[in-house]
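Visitor: What follows is a single structure, and I will ask about it in a moment.
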Amino acid sequence: MQTVTLGKTGIITSKNAFGALPIQRISDEAATYLLRKAYDNGMTFFDTARMYTDSEHKVGLAFEGMRDKVYIATKTGAQNAENFWQDLETSLENLKTDYIDLYQFHNPAFCPKPGDESGLYDAALKAKEQGKIRHIGITNHRLAVAHEAIDSGLYETLQFPFCYLATDKDIELVDKCRKADMGFIAMKALSGGLITNSSAAYAYLAQYDNVLPIWGIQREQELDEFLSYMDNPPTMTEELAEVIRKDREELLGEFCRGCGYCMPCPVGIEINNCARMSLLLRRSPSAGHLSPEGQEKMMKIEDCLHCNQCKSRCPYGLDTPALLQKNLEDYKNVLAGKTKV
13 MQTVTLGKTG
23 IITSKNAFGA
33 LPIQRISDEA
43 ATYLLRKAYD
53 NGMTFFDTAR
63 MYTDSEHKVG
73 LAFEGMRDKV
83 YIATKTGAQN
93 AENFWQDLET
103 SLENLKTDYI
113 DLYQFHNPAF
123 CPKPGDESGL
133 YDAALKAKEQ
143 GKIRHIGITN
153 HRLAVAHEAI
163 DSGLYETLQF
173 PFCYLATDKD
183 IELVDKCRKA
193 DMGFIAMKAL
203 SGGLITNSSA
213 AYAYLAQYDN
223 VLPIWGIQRE
233 QELDEFLSYM
243 DNPPTMTEEL
253 AEVIRKDREE
263 LLGEFCRGCG
273 YCMPCPVGIE
283 INNCARMSLL
293 LRRSPSAGHL
303 SPEGQEKMMK
313 IEDCLHCNQC
323 KSRCPYGLDT
333 PALLQKNLED
343 YKNVLAGKTK
353 V
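Residue numbers (the working numbering): 13 to 353.
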């Protein structure tokens, strides 16, 4: 079994972390079953967030009475110290624990530091002194904030999108974290569902010994796929390298990663899916995309106000309104039979 050490935290875990965002979509019983099965088969690192509705609650149900057997990471989207403490106490209650292994600032637009106006980092330090959190981390989608976090020396881990669609700038972050003895947690390891070959995804990330990938898991079939890599980890072959080459050729550039930080939309457009529907139709075809409900969601794009709020929020600097219009045109062509899925 391949393992990863998360920098100076000293946390050693299998190179398969459980991303608990998707379990908010399933029942308590189904989620508990998946989480316990993951642990029973070697997974020990579980990542959730205060923002993921009832995900923390389900993680708490699964690991009540066996807290010392797993590492639990969660996140706060608080903008000030008061909300930080509220989030922390809620997370501790939900997770049925008196401490959190890794507490992360959830995609802040700035890098919290001691003495700044937000008071966030000072609150985290106090929580650490009280034993309520053991390590302080940060998640982000912005290169500038990520670099600032590494340079500050204040954080023990960085969680950032990283997969085989990575750019040289993303790889630079991984190398910089290694030099700083800072743990690197790879979110969006399957690029929000656009990467459909998990073997290729795993083999690519396995080349970076300091990277811990988080796999978003909702179904037992998905879990079984990643568990199979525990004893038989995929390695980079010519065949997998060719899969990666073709995907990079198709996907690199101006495409929506589905992170959702452009939301909410004033007129209710489901931007994080609608702005990448063309790719979803080609790479993960689902009847649901073309169902009456799916069509209704896509046609909401016609209500776009072009207010550019989504564009200003996009951490990747995409022209989101233009992407929405392009995806709507492609979608209409599929419906009309002019384009095959």
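Note that the Cβ used here is the ideal one computed from N, Cα and C, for glycine as well.
DSSP on P124, reduced to helix/strand/coil?
Guide: Here P124 sits in coil by DSSP.
Visitor: What does the Cβ neighbour count give for T151, buried or exposed, with the cut at 16 atoms within 10 Å?
Guide: Counting Cβ neighbours within 10 Å, T151 comes out buried, since at least 16 surround it.
Visitor: Is it buried or exposed, R62, if we count other Cβ atoms within 10 angstroms and call 16 or more buried?
Guide: R62 is buried by the Cβ-count criterion.
Visitor: Count the other CB atoms, across all protein chains shown, that sit within 10 Å of the CB of G149; report buried if there are 16 or more and exposed otherwise.
Guide: G149 should be labelled buried.
Visitor: Could you spell out where the alpha helix (DSSP H) holding R37 opens and where it closes?
Guide: R37 -> no alpha helix (DSSP H), and no H or E assigned at all.
Visitor: Output yes or no for whether 7 Å exceeds the beta carbon distance between A372 and L104.
Guide: The displayed coordinates of the chain run from 13 to 353. Any statement about residue 372 would go beyond what the structure contains.
Visitor: Please tell me whether K6 and D193 are closer than 7 Å, where the distance is taken between their beta carbons.
Guide: Because the chain is modelled from 13 through 353, residue 6 falls outside the range shown and cannot be assessed.
Visitor: Checking 7 Å against the spacing of the C-beta atoms, do G228 and G31 come in under that value?
Guide: Yes. Within cutoff.
Visitor: In whole angstroms, give me the CA-to-CA distance for T15 and T60.
Guide: Those two C-alpha atoms are separated by around 20 Å.
Visitor: Does the separation of the CB atoms of Q171 and I197 fall below 7 Å?
Guide: Going by C-beta atoms, Q171 is nearer than 7 Å to I197.
Visitor: Using only alpha-carbon positions, find the residue among G272, Q142, F96 and R37 that is nearest to P327.
Guide: P327 has its Cα closest to that of G272, out of G272, Q142, F96 and R37.
Visitor: Starting from G228 and walking both ways along the beta strand (DSSP E), at which residues does that stretch end?
Guide: Where G228 is concerned, the enclosing beta strand (DSSP E) stretches over V223 to G228.
Visitor: Do you know offhand how far C189's Cα is from G72's?
Guide: If you take the alpha carbons of C189 and G72, they lie about 30 Å apart.
Visitor: Which residues bound the beta strand (DSSP E) around T25?
Guide: I24 to S26 is the extent of the beta strand (DSSP E) around T25.
Visitor: Which runs of the beta strand (DSSP E), 3 residues or longer, sit entirely within the region 193 to 227?
Guide: Within the region 193 to 227, the complete beta strand (DSSP E) runs of at least 3 residues are 195 to 199.
Visitor: Applying the 10 Å Cβ sphere with the 16-neighbour rule, what's the burial state of Q142?
Guide: Burial call: exposed.
Visitor: Exposed or buried, T65, counting other C-beta atoms within 10 Å across all chains shown (16 or more means buried)?
Guide: With fewer than 16 Cβ atoms within 10 Å of its Cβ, T65 is classed as exposed.
Visitor: I148 lies in the beta strand (DSSP E); which residues open and close that run?
Guide: I148 -> beta strand (DSSP E) spans I145 to T151.
Visitor: If you run the structure through DSSP and keep just helix, strand and coil, what is A29?
Guide: Looking at A29 - three-state DSSP - the assignment turns out to be strand.
Visitor: Mind checking D110: buried by the 16 CB within 10 Å criterion, or exposed?
Guide: Classification of D110: exposed, given that the 10 Å Cβ count is below 16.
Visitor: Taking the straight line between their C-alpha atoms, what separation do you get for N92 and N222?
Guide: If you take the alpha carbons of N92 and N222, they lie about 31 Å apart.
Visitor: Report yes if the CB atom of A201 is closer than 7 Å to the CB atom of P225, and no otherwise.
Guide: Yes, the Cβ-Cβ distance between A201 and P225 is below 7 Å.
Visitor: Helix, strand or coil: which one does DSSP assign to V279?
Guide: V279 falls in the coil class under three-state DSSP.
Visitor: Kindly give me the distance between the Cβ atoms of Y51 and K81, rounded to whole angstroms, as I take these residues to be in contact under 8 Å.
Guide: Sure, about 7 Å apart at Cβ, within 8 Å.
Visitor: State the Cα-Cα distance for the pair Q98 and R294, rounded to the nearest angstrom.
Guide: About 43 Å.
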